[in-house]
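**Student:**
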Amino acid sequence: MTQHTHQTAPTQYVEANGIRFAYRRFGKPGTIPLVLHMHFTGTLDHWDPAITDGFAQDREVILFDNAGIGGSSGEVPTTIEGMAADSAAFIRALGLGQVDALGFSLGGLVAQTLAIAEPVLVRKLVLVGTGPRSGEGMATLTPEAQRIFGASYEPADHLWLKVFFTDSPASQAAGHAFLERFRQRQADRDPEANDKVAPAQLEALGKWGAPRENPYDYLRELKQPTLVVNGDNDVIIYTVNSLILQKHIPNAQLILYPDANHGSQYQYPQRFVRNTSTFLDS
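Heads up, the sequence shown is in our numbering, so the first residue is -15 and it goes up one at a time.
Below, the structure written as structure tokens:
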């Protein structure tokens, strides 16, 4: 059997709830799969091969486009709960009874909601660069995020140098290395998010971040062992939100990487894979 990698894994499709989900599946069979949930407007090809291939050495990795994203059909839900329900439908359509869930940024909101709704399906949880309901600065895009996403970049993917990395020379060097990895896959690339995606996701983010009474009480429902990861200077979802998650989730631990912004895992991919794998294997 061919041992696929991030670069060679074919895009496959499975149907559930009237949605044709696009996904890629590779790594070590016979293990508990790690299902990755993507950030705002991201697709299958926005993951870092250094991370996905790193995880695939010891476990099966599943990347997917949720409803309305990339190669998947359907419409993007305007609530995080709707996105989590679609994620659960996708996982079950693959015939999986238990998975580990990793969520990055918007995907972290989906992953924590999935874990609460499906406590048997989700064994362990990894939350990266994300935050709780009504988190600090989460009612709207942060001022820094508004400036970053409102600017123009040439080439276009230099946007990610601002979103994921700090302005320090070391962080920017790591960012350029990430972009080199990010661009490597040329065949069978996923379609970019269409113009309906961002408005729907922004509506969902607004509902999630809106102020409410006792906003963090729901985190007590997260019974799974949880690893929270962020950079120490996240300007997209402020780092303090990772501290809130760790404080209120009953069985959570926190890692903050130095001189790192929203994409700390892309700045320190080997360290992130090592730390996360230790957590998942423990």
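C-beta: ideal position from N, C-alpha, C; glycine also.
Per DSSP, which one or two residues make a beta bridge with residue -1?
**Tutor:** 4
**Student:** In three-state DSSP terms, what is residue 169?
**Tutor:** Residue 169 falls in the coil class under three-state DSSP.
**Student:** For the alpha helix (DSSP H) that contains residue 134, what are its first and last residues?
**Tutor:** Here the alpha helix (DSSP H) through residue 134 covers 127 to 134.
**Student:** Could you check whether residue 213 and residue 256 sit closer than 8 Å to each other, using their CB atoms as the reference points?
**Tutor:** yes
**Student:** Going along the chain, which residues of its own chain have a beta-carbon closer than 7 Å to the beta-carbon of residue 75, five neighbours each way excluded?
**Tutor:** 19, 83 and 105
**Student:** Tell me the rounded alpha-carbon separation between residue 126 and residue 221.
**Tutor:** 7 Å
**Student:** Does the beta-carbon of residue 136 have 16 or more other beta-carbons within 10 angstroms, so that it is buried, or is it exposed?
**Tutor:** exposed
**Student:** Measure the Cβ-Cβ separation of residue 13 and residue 44 and say whether it is below 8 Å.
**Tutor:** yes
**Student:** Can you give the beta carbon distance from residue 246 to residue 133, rounded, assuming they're within the 8 Å contact cut?
**Tutor:** Between residue 133 and residue 246 the Cβ distance is about 12 Å, and since that is not below 8 Å, they are no contact.
**Student:** Taking all protein chains shown into account, do 16 or more other C-beta atoms lie within 10 angstroms of the C-beta of residue 266, making it buried, or fewer, making it exposed?
**Tutor:** Under this definition residue 266 is an exposed residue.
**Student:** Quick one, are the C-beta atoms of residue 215 and residue 248 less than 8 Å apart?
**Tutor:** yes
**Student:** Can you give me the C-alpha to C-alpha distance between residue 68 and residue 40, rounded to a whole angstrom?
**Tutor:** 24 Å
**Student:** On the DSSP bridge assignment, give the partners of residue 215 in chain order.
**Tutor:** 241
**Student:** Whose C-beta lies closer than 8 Å to the C-beta of residue -4 among residues of the same chain, with five residues either side of it excluded?
**Tutor:** 6, 7, 8 and 9
**Student:** Can you tell me whether residue 146 is buried or exposed, with buried defined as 16 or more other CB within 10 angstroms of its CB?
**Tutor:** buried
**Student:** Taking all protein chains shown into account, decide if residue 204 is buried (16 or more other Cβ within 10 angstroms of its Cβ) or exposed.
**Tutor:** exposed
**Student:** Leaving out five residues before and five after residue 55 in sequence, what residues of the same chain have Cβ atoms less than 8 Å from its Cβ?
**Tutor:** -5, -3, 6, 27, 28, 49, 174 and 175
**Student:** Using C-beta distances below 8 Å, list every residue in its chain close to residue 207, excluding the 5 sequence neighbours before and after it, in chain order.
**Tutor:** 103, 234 and 235
**Student:** Check whether the Cβ atoms of residue 71 and residue 98 lie closer than 8 Å to each other.
**Tutor:** yes
**Student:** Can residue 225 and residue 239 be called in contact, C-beta distance under 8 Å?
**Tutor:** no
**Student:** Just curious, the alpha helix (DSSP H) that residue 110 is in, first and last residue?
**Tutor:** Not the alpha helix (DSSP H): residue 110 falls in the beta strand (DSSP E), residues 106 to 112.
**Student:** Using CA atoms only, rank isn't needed, just tell me which of 30, 101, 79 and 252 is closest to residue 143.
**Tutor:** 30
**Student:** What would DSSP say about residue 44, mapped onto helix, strand or coil?
**Tutor:** strand
**Student:** Is DSSP giving residue 18 helix, strand or coil here?
**Tutor:** strand
**Student:** Determine the direct distance from the alpha carbon of residue 163 to that of residue 151, and round the result to whole angstroms.
**Tutor:** 16 Å
**Student:** Taking just the CA atoms, how far does residue 121 sit from residue 172?
**Tutor:** If you draw a straight line from the Cα of residue 172 to the Cα of residue 121, it comes to about 37 Å.
**Student:** Span of the alpha helix (DSSP H) holding residue 94?
**Tutor:** 90 to 101
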